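Enquirer: Residue numbers are given in the numbering used here: position 193 of the sequence shown equals residue 277, and the series is strictly consecutive.
Dumping the structure here so I can ask a few things about it.
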Amino acid sequence: MLVKTFRTGGDRNLGYLIGEERGKVAAVIDPSYSPSAIAEFARDAGFQVAYAFCTHDHHDHTNGNPEFERSTGVRPLLYGDRDPKTGRKVEAGAAFPLGDLSIRILHTPGHTADSICLLIGDALFTGDTLFVGKVGGTDLGEGARREYASLHDILLDLPDDTRVFPGHDVGVEPESTIGHERQTNPFLLRPDLESFIELKRNWAQYKKEHGIA
Numbered sequence: 085m086l087v088k089t090f091r092t093g094g095d096r097n098l099g100y101l102i103g104e105e106r107g108k109v110a111a112v113i114d115p116s117y118s119p120s121a122i123a124e125f126a127r128d129a130g131f132q133v134a135y136a137f138c139t140h141d142h143h144d145h146t147n148g149n150p151e152f153e154r155s156t157g158v159r160p161l162l163y164g165d166r167d168p169k170t171g172r173k174v175e176a177g178a179a180f181p182l183g184d185l186s187i188r189i190l191h192t193p194g195h196t197a198d199s200i201c202l203l204i205g206d207a208l209f210t211g212d213t214l215f216v217g218k219v220g221g222t223d224l225g226e227g228a229r230r231e232y233a234s235l236h237d238i239l240l241d242l243p244d245d246t247r248v249f250p251g252h253d254v255g256v257e258p259e260s261t262i263g264h265e266r267q268t269n270p271f272l273l274r275p276d277l278e279s280f281i282e283l284k285r286n287w288a289q290y291k292k293e294h295g296i297a
């Protein structure tokens, strides 16, 4: 399995191409500001793009969708959309075949109601739900509660060696693993929802005290 990371622009946005190398088919996640560059890479590497997904509906993740569809003929899908070729709906637990691989949809609301993460092999594409050493922004009410549940009940249920590829390079590193985040991410170390929200409320001061950019 090939994972190709693209620094697409915006606020350090990251997009991805995941290639199944035996069948030369690929999926793209969050093409955002660089749809043509990703489409060109796929063509030059000999991959046929079978799917594209956006991890949520914010403009910095979806602005390149029309251009990407023009370049590849593939319309990027968001939570709730139905893939026109397979008829499968992007929803919790759905699986999309990609050659010898499978793309599993995890619905992880919090940052937005439609946030999804995508699990392909041992690689987890977390959008703006989980960054390296940080988590996605939310309000301090229902959004935070839903994000806390998504992190603890869904993402932290995955094996420690699951690789983490976030939607922005705004963390300590651009990539991580579930095990590393479980052990080091200050938000995931909080013992309960109340202290999780407290850290969100005081994140600027916490960063200053701990030398976090």
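No residue lacks a Cβ here, since even glycine has one placed at the ideal position from N, Cα and C.
Note that the coordinates shown come from a computational prediction; the quantities given were computed from them, not determined experimentally.
If H140 and D198 are in contact, beta carbons under 8 Å, what's the gap, nearest whole angstrom?
Expert: The count along the sequence shown starts at 1 and reaches residue 140 at position 56. The count along the sequence shown starts at 1 and reaches residue 198 at position 114. Contact flag correct, Cβ pair sits at about 5 Å.
Enquirer: Which residues mark the beginning and the end of the alpha helix (DSSP H) in which N149 is found?
Expert: To locate residue 149, count along the sequence shown from 1; it is residue 65. Unbroken alpha helix (DSSP H) run through N149: N149 to T156.
Enquirer: Which of helix, strand or coil does DSSP assign to T268?
Expert: The residue labelled residue 268 in the question sits at position 184 within the sequence shown. In this structure, T268 counts as helix in the three-state DSSP scheme.
Enquirer: Whose C-alpha, out of G171, D144 and D128, is nearest the C-alpha of S118?
Expert: In the sequence shown, counting from the first residue as 1, residue 118 sits at position 34. Nearest option by C-alpha distance: D144.
Enquirer: Would you report the Cα separation of G157 and K88, rounded to the nearest angstrom?
Expert: Sequence index remark: in the sequence shown, residue 157 carries index 73 (1-based). Sequence index remark: in the sequence shown, residue 88 carries index 4 (1-based). Computed Cα separation, rounded: 20 Å.
Enquirer: Which of helix, strand or coil does DSSP assign to S279?
Expert: By one-based count along the sequence shown, residue 279 stands at place 195. If DSSP states are grouped into helix, strand and coil, S279 belongs with the helices.
Enquirer: Identify whether T89 lies in helix, strand or coil by the three-state DSSP scheme.
Expert: By one-based count along the sequence shown, residue 89 stands at place 5. Three-state DSSP puts T89 in a strand.
Enquirer: Assuming L239 contacts L214 under a Cβ cut-off of 8 Å, what Cβ separation, rounded to an integer in Å, is found between them?
Expert: Here residue 239 is taken as the residue at index 155 of the sequence shown, counted from 1. Here residue 214 is taken as the residue at index 130 of the sequence shown, counted from 1. That pair is a contact at about 6 Å.
Enquirer: If you drop the 5 nearest sequence neighbours on each side, which residues of the same chain put their C-beta closer than 6 Å to that of L242?
Expert: Residue mapping note: residue 242 aligns to position 158 of the sequence shown, counting from 1. Contacts found: I262.
Enquirer: Would L185 pass as a contact of I102 if the rule is Cβ separation under 9 Å?
Expert: Along the sequence shown, read from residue 1 onward, the residue named residue 185 stands at position 101. Along the sequence shown, read from residue 1 onward, the residue named residue 102 stands at position 18. For L185 and I102, yes; Cβs fall inside 9 Å.
Enquirer: Spatial neighbours of T92 within its chain, please: CB distance less than 6 Å, with the 5 preceding and 5 following residues excluded, ordered by chain position.
Expert: One-based indexing of the sequence shown puts residue 92 at position 8. Contacts found: G99, S116, Y117 and S118.
Enquirer: Take E257 and list the residues in its own chain whose beta-carbon comes closer than 7 Å to its own, dropping the five residues that flank it on each side.
Expert: Within the sequence shown, residue 257 is the residue found at index 173, counting from 1. Correct list, in chain order: V216.
Enquirer: Could you give the DSSP three-state label for H236: helix, strand or coil?
Expert: For the purposes of this step, residue 236 is taken as the residue at position 152 of the sequence shown. Here H236 sits in helix by DSSP.
Enquirer: Quick one: using the 10 Å Cβ neighbour count with 16 as the cut-off for buried, is S155 buried or exposed?
Expert: Numbered from 1 along the sequence shown, position 71 holds the residue referred to as residue 155. Result: buried.
Enquirer: Round the Cβ separation of G251 and D128 to the nearest angstrom and send it over; I've been treating them as touching at under 8 Å.
Expert: Taking the first residue of the sequence shown as 1, we reach residue 251 at position 167. Taking the first residue of the sequence shown as 1, we reach residue 128 at position 44. Their Cβ separation, rounded to whole angstroms, is 24 Å, which puts G251 and D128 out of contact at 8 Å.
Enquirer: At 4 residues or longer, and completely inside the segment 103 to 144: list those alpha helix (DSSP H) runs for me, N to C.
Expert: Counting only runs of at least 4 residues, the segment 103 to 144 fully encloses the following alpha helix (DSSP H) elements, listed from N- to C-terminal order: 119 to 129.
Enquirer: DSSP state of K169, grouped into three classes?
Expert: Numbered from 1 along the sequence shown, position 85 holds the residue referred to as residue 169. If DSSP states are grouped into helix, strand and coil, K169 belongs with coil.
Enquirer: Is H294 helix, strand or coil by DSSP?
Expert: Looking up residue 294 in the sequence shown gives position 210. Three-state DSSP puts H294 in a helix.
Enquirer: Using DSSP bridges, identify the partner residues of Y100.
Expert: The count along the sequence shown starts at 1 and reaches residue 100 at position 16. Answer is T89 and I113, bridged to Y100.
Enquirer: Go ahead and pull the three-state DSSP assignment for R274.
Expert: Taking the first residue of the sequence shown as 1, we reach residue 274 at position 190. DSSP places R274 outside both helix and strand once states are collapsed to three, so it counts as coil.
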